[in-house]
Amino acid sequence: EAQVTQNPRYLITVTGKKLTVTCSQNMNHEYMSWYRQDPGLGLRQIYYSMNVEVTDKGDVPEGYKVSRKEKRNFPLILESPSPNQTSLYFCASSHPGGDEQFFGPGTRLTVL
Amino acid sequence: GIQVEQSPPDLILQEGANSTLRCNFSDSVNNLQWFHQNPWGQLINLFYIPSGTKQNGRLSATTVATERYSLLYISSSQTTDSGVYFCAEINAGNNRKLIWGLGTSLAVNP
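From first to last, the protein sequence lines are chains V and W. Read left to right, the first sequence gives residues 1 to 112 (the numbering used here). Read left to right, the second sequence gives residues 1 to 110 (the numbering used here).
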C-alpha cells in the first residue's frame, strides 16, 4: 500500500531532551516536507527536501533540523525541544513533476 | 502570495443531509487539493483537482480554475464525515509549500 508513515504518533517529552520524528514513504517520491499545525495558525512548512542530500528551510525552521540521506526517509530532529514546539506535525511527499502531496498520519508532540 | 478563503467556517448537519463547501483563491489555481482532517487529527487526501470535476463515492469536487474557486459536495452525510475540510494550493516558488485555507469544521449529528 502506497503510504507515508510517521513515528511516533504520540510523544510527551521534557524540555531539552533531544528527539527524532521519523518519516518514511514507499512511493519513490523525490520531494518531502514537514509541516506543523497549531490552532489559529494553520499548517506551516518547517523544512523541505527536493531530493537526497538537498534540503532547505521553510517558514518556521528555528529549533529543527532535518536530513535526507535516503530517498524514502526524511527525519525531523529537535535537538533541544521547548514547550513552544508542542504541536501536531505532518510529513508530506510528492513527485516533483506531479503535484499531489500525500501526508503522513501526524505526530502529536507535547513538550513539558 | 496566493490566499485561500474557505466557506462556511462551520457547518452542522443531520445525518443524511447534503452540503457544499467552497474554496476561493486570490490567484490562479493549478494544483488544488481537498483534504479531510478527522477528529483524530489525520489528514486524508480527498481530491487532487486543478480543474474539472471528480467523484469518489458520496463526495465530489469541482474546480473552475478560470473563476478561481472550487466546490466540495458531500451527499447523504454520515457521522464519519465529521471533521475539518481543507483546500490547499501550491505556492508559486521552489519550496512547493501548500497554502491552506482555514478550513470548514463539519459536525454530522446522528
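Backbone N, C-alpha and C fix where the C-beta goes; we use that ideal spot for every residue, glycine too.
Check	Outcome
Cutoff 8 Å: V:Gln25 Cβ touching any chain W Cβ	no
CB contact check: V:Tyr89 to chain W, cutoff 8 Å	no
Residue of W:Phe25, W:Arg96 and W:Gln37 minimising C-alpha distance to W:Ala107	W:Gln37
Span of the beta strand (DSSP E) around W:Ile2	It is not in any beta strand (DSSP E) - W:Ile2 carries neither H nor E in the DSSP assignment.
Three or more C-beta pairs below 8 Å linking the stretch 6 to 14 of chain W and the stretch 13 to 32 of chain V	no
Proximity below 8 Å, CB of V:Gln101 to CB of W:Leu46	no
Cβ separation of V:Asp56 and V:Tyr64, assumed to be a contact under 8 Å, to the nearest whole Å	That belief does not hold up - the Cβ atoms of V:Asp56 and V:Tyr64 are roughly 12 Å apart, past 8 Å.
Within-8 Å CB hit, W:Trp34 to chain V	no
CB contact below 8 Å: W:Tyr85 versus chain V	no
Nearest-angstrom Cβ-Cβ length linking W:Leu60 and W:Tyr48, presumed shorter than 8 Å	Reading the sequence as shown, one finds Ser at residue 60 of chain W and not Leu. No, W:Ser60 and W:Tyr48 are not in contact; Cβ-Cβ is about 14 Å, not under 8 Å.
For W:Glu89, three-class secondary structure by DSSP	strand
Status (buried if at least 16 other CB within 10 Å, exposed otherwise) for V:Thr15	exposed
Closest residue to V:Thr107 among V:Glu30, V:Asp38 and V:His29 (Cα-Cα distance)	V:Asp38
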